[in-house]
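These notes concern the structure reproduced below.
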Amino acid sequence: MCTTQLVPGIVIEIRDASSGASIAETAEGEVIDQDGVQYAFEAVGDPVATAYEAPGVFVVNVRHDGYVDWSVGGVLVESDECHVITEFLTAFLEPETAP
-17 MCTTQLVPGI
-7 VIEIRDASSG
3 ASIAETAEGE
13 VIDQDGVQYA
23 FEAVGDPVAT
33 AYEAPGVFVV
43 NVRHDGYVDW
53 SVGGVLVESD
63 ECHVITEFLT
73 AFLEPETAP
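So the sequence shown is numbered by my numbering: it starts at -17 and just counts up by one.
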């Protein structure tokens, strides 16, 4: 029997690549599926959950002031008879360097 719970398709931990510390609180971005549907997010904590009950193939983009943008494609979110099967990602963002 299926539940009424909403399950995120993608959960992202957002980390500083140098220290491994969470930097999610001021990050933002979006996940985009193969049909161009966008699920934007502004992180308020770590981890970030998005694309609730949305199966498909996604591109994930993460932005944070002071860091190089992070992106990954081909993230496959599958589903069973009731819900999506959550994909867990860790985005390691590199600090920007001055020119």
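Backbone N, C-alpha and C fix where the C-beta goes; we use that ideal spot for every residue, glycine too.
Every value quoted in this text rests on a predicted model; they were computed, and no experiment measured them.
{"Query": "Using a Cβ-Cβ cut-off of 6 Å (strictly less than) and excluding sequence neighbours within five positions of A71, which residues of its own chain qualify?", "Result": "In the sequence under discussion, the amino acid at residue 71 is Leu, which differs from the Ala named in the question. Taken in chain order, the residues that qualify are I(-6)."}
{"Query": "Which of the three DSSP states, helix, strand or coil, is assigned to A6?", "Result": "helix"}
{"Query": "Quick one: what does DSSP say E(-5) is sitting in, helix, strand or coil?", "Result": "strand"}
{"Query": "Hey, would you say I(-4) sits closer than 8 Å to V57, going by beta carbons?", "Result": "no"}
{"Query": "For G11, count neighbouring C-beta atoms within 10 Å of its own C-beta (all shown protein chains included) and say buried if the count is 16 or more, exposed if not.", "Result": "buried"}
{"Query": "Can you tell which of A33, S0, L75 has the C-alpha that lies nearest to the C-alpha of D51?", "Result": "L75"}
{"Query": "Taking Cβ to Cβ, would you say C64 is nearer than 8 Å to T(-15)?", "Result": "yes"}
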